Amino acid sequence: MAGQKIKLVISGRTYPMEAETPEVEQLMRLAAEDVDGMLKKLSWQFPSTSFEDKLMIVAVREAAAKLLSQKNMRNLVDEADSLEQDLNSYLDGKKKE
């Protein structure tokens, strides 16, 4: 199934994209707004920095945030697994009583 063709505007530049589902389209539009906001803030903070350098700063920040989210997710999965083991041990003990 072909995705929906959309256009995202970031820093006054239009980027043609394709969204596989309406949910992905919504997330892409929210992401574009977020990136646009970060670029505006960086433009205000560093007016002489090139657009490409500002994009690189945004990309590194977003990649770091993604990696942190992945680490947090792994920690939550590990904690859930540990709780499941504790619960199973507890229930096994109750069955023996």
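With the sequence shown counted from 1, adding 949 to any position gets you the numbering used here. Positions of the beta carbon are idealized from the N, C-alpha and C atoms, including for glycine. Nothing here was measured: the structure is a model prediction, and the numbers come from that model.
Rounding to the nearest angstrom, what Cα-Cα distance links residue i and residue j in this structure?
{"i": "Glu1001", "j": "Leu979", "result": "21 Å"}
{"i": "Ser997", "j": "Gln1034", "result": "56 Å"}
{"i": "Lys1044", "j": "Glu974", "result": "50 Å"}
{"i": "Ser1038", "j": "Ser1018", "result": "30 Å"}
{"i": "Leu1016", "j": "Arg1023", "result": "11 Å"}
Can you check which of these residues, the options, is closest to residue i by C-alpha distance?
{"i": "Lys954", "options": "Gly961, Arg962, Met977 and Ser960", "result": "Met977"}
{"i": "Val1009", "options": "Ala1029, Met987 and Ser992", "result": "Met987"}
{"i": "Thr963", "options": "Asp985, Phe995 and Asp1027", "result": "Asp985"}
{"i": "Leu991", "options": "Ala1013, Ser960 and Ala1029", "result": "Ser960"}
{"i": "Met970", "options": "Asp983, Glu982, Ala981 and Ala951", "result": "The question names Met, but residue 970 in the sequence shown is Thr. When each option's Cα is compared against that of Thr970, the closest is Ala951."}
Item to complete: Would you list, in sequence order, the uninterrupted beta strand (DSSP E) runs of no fewer than 3 residues that lie entirely inside the segment 957-1001?
Response: 962-968
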